[in-house]
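Using our numbering, you'd call the opening residue of the sequence shown number 3 and step up by one each time. Glycine included, every Cβ here is placed at the ideal spot set by N, Cα and C. To start, the structure itself, in structure tokens.
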Amino acid sequence: LISVVAAVLSGVFFWLNFRLSKRMADRSLNLEAQKMLLELNRQLMSDPWLWAIYDDHPVRAEPDFDRKCGKSGLFQAKLQAFAYLKLNMFEVILAEAPEPARQGRRNASNVWLDFFHYSIEKSTVIRGILERSDAEQLYNPVLIELYKDWKNSAKATSQEDAVPHA
């Protein structure tokens, strides 16, 4: 009887310790993700032209944009470096994030996944990097699969929109 009770207690404490460890790991990932996001914000504050990472951002309509940034090879390199920084952030977060919540519920993973989808939808620079032939060598399979899933979903949506409805 004592052995059975000890085994049950051992199992209970193992389960509690496992859950606590998982929560701590998720919290640590979330804190690191927030630090990376703050770094992106610092970059955007130090050079507001980097908002041009998004194709439809108003900064692209500024009169000085084409003269100062649009044709500048140096700025294009900086914009691409910013896109790599953003993709590296997503790679770290999405590879280790817990499963997104389902059935109308949301958790931090849903938010990061939505931010990733928003970023690739709105940025030809980011999509261009993920479309490169060496992208699968540069990024982990989780990020590549998420991009492919988004791409297939976007393609299916655009085909549905193109079909005339009766």
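Apart from sequence neighbours up to five positions away, the residues of its chain that approach phenylalanine 118 with a beta-carbon distance below 6 angstroms are Phe92, ordered along the chain. It is roughly 27 angstroms from the alpha-carbon of isoleucine 128 to the alpha-carbon of serine 30. Ser125 is the residue among Gly106, Phe15, Ser125 and Gln105 whose C-alpha sits nearest the C-alpha of tyrosine 86. Boundaries of the alpha helix (DSSP H) around tyrosine 86: 75 to 98. DSSP places asparagine 109 outside both helix and strand once states are collapsed to three, so it counts as coil. Remark: C-beta atoms of leucine 96 and valine 144 approach each other more closely than 8 angstroms. Take alanine 137, set aside five residues on each side of it, and the residues of its chain with a beta-carbon closer than 7 angstroms to its own are Ile131 and Ile146, in chain order. Under the 10 Å beta carbon count, isoleucine 55 is surrounded by 16 or more other beta carbons and is classified as buried. Separation of glutamine 78 and aspartate 66 (C-alpha to C-alpha, rounded to the nearest whole angstrom) is 15 angstroms.
Counting every other CB atom within 10 Å of its CB across the protein chains shown gives alanine 103 a total below 16, marking it as exposed.
Annotation: serine 121 to alanine 9 spans about 50 angstroms, alpha carbon to alpha carbon.
Taking a C-beta distance under 8 angstroms as the contact criterion, leucine 89 and leucine 52 do not qualify as a contact pair.
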